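In what follows, a single structure is set out as C-alpha cells and then discussed.
Residue numbers (this note's numbering): 60 to 246.
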C-alpha cells in the first residue's frame, strides 16, 4: 500500500494494511465489444449487500471451470484507486450469504489478457444495465495507469465518473445521459 498512507487506510476502515491490497484501474465506455480479442470469459453475478461496502461475487467461467465465490469489501481512495479485501467462500457459505438483502448486477467479463502492461477486460452488462459495455484496465502502479492510452475500441473514459462504478450502477441504474452518448458522435 505504498501509495496510500496508513491514516487514510485507517479512516476507510482498514486499520491493518497487510489485509488489503490496492487496486489501480481505469474505465472506458464502448459502443461495441471486441469479442474477437477475448482469451477467456466469466459470467459475474454480484450482490451488493444493502447498507455496506460489501460485494458477494460468483464468477462462472464459460469454459466450464470451477466457479469462484468470494465476499469482497472496497473503499475508494480516489476514482481510480481503491482498497480491497476478499474472502473466498465455500458453496455453503456463499449460499447462506446470498440471502442477504441487496441489489444484484450481472455481466459477462471478457479478458483480453495483458495489453501494454495492463490487464484488460470488457464487461458486457445484462438485465437493467443491458446495453452498457465498459472496458476496464487494471495496473500494477500509478505510473503505468497514468501513462496508459485509451484502448482503440473505447469511446469515452469514465474513470472519474462515479456513476459508472458497480455500486452506483446497481443502485442508480444507467446515467440518464448514457443513451445520448451512445447515439452521439462523442468519443
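Ideal Cβ placement from N, Cα and C applies to all residues, glycine included. No experiment lies behind these values; they were computed from the predicted model shown.
From the DSSP output, in three-state form, read off residue i for me.
| i | result |
| --- | --- |
| residue 170 | strand |
| residue 231 | helix |
| residue 221 | helix |
| residue 184 | strand |
| residue 194 | strand |
| residue 103 | strand |
Buried or exposed for residue i, please, with buried defined as at least 16 other CB atoms from any protein chain shown within 10 angstroms of its CB.
| i | result |
| --- | --- |
| residue 244 | Confidence at residue 244 is low in this model, with a pLDDT of 49, below 50, so the placement of that residue should be treated as unreliable; the coordinate-derived value is given next. So residue 244 counts as exposed. |
| residue 196 | buried |
| residue 161 | buried |
| residue 147 | exposed |
| residue 80 | exposed |
| residue 228 | buried |
| residue 174 | exposed |
| residue 247 | Because the chain here runs from 60 to 246, residue 247 falls outside it and cannot be looked at. |
Suppose you measure from the CA of residue i to the CA of residue j; what does that come to, to the nearest Å?
| i | j | result |
| --- | --- | --- |
| residue 129 | residue 212 | 31 angstroms |
| residue 231 | residue 215 | 20 angstroms |
| residue 171 | residue 141 | 22 angstroms |
| residue 180 | residue 169 | 6 angstroms |
| residue 219 | residue 235 | 17 angstroms |
Less than 8 angstroms between the beta carbons of residue i and residue j, yes or no?
| i | j | result |
| --- | --- | --- |
| residue 193 | residue 182 | yes |
| residue 167 | residue 127 | no |
| residue 107 | residue 164 | yes |
| residue 221 | residue 109 | no |
| residue 112 | residue 92 | no |
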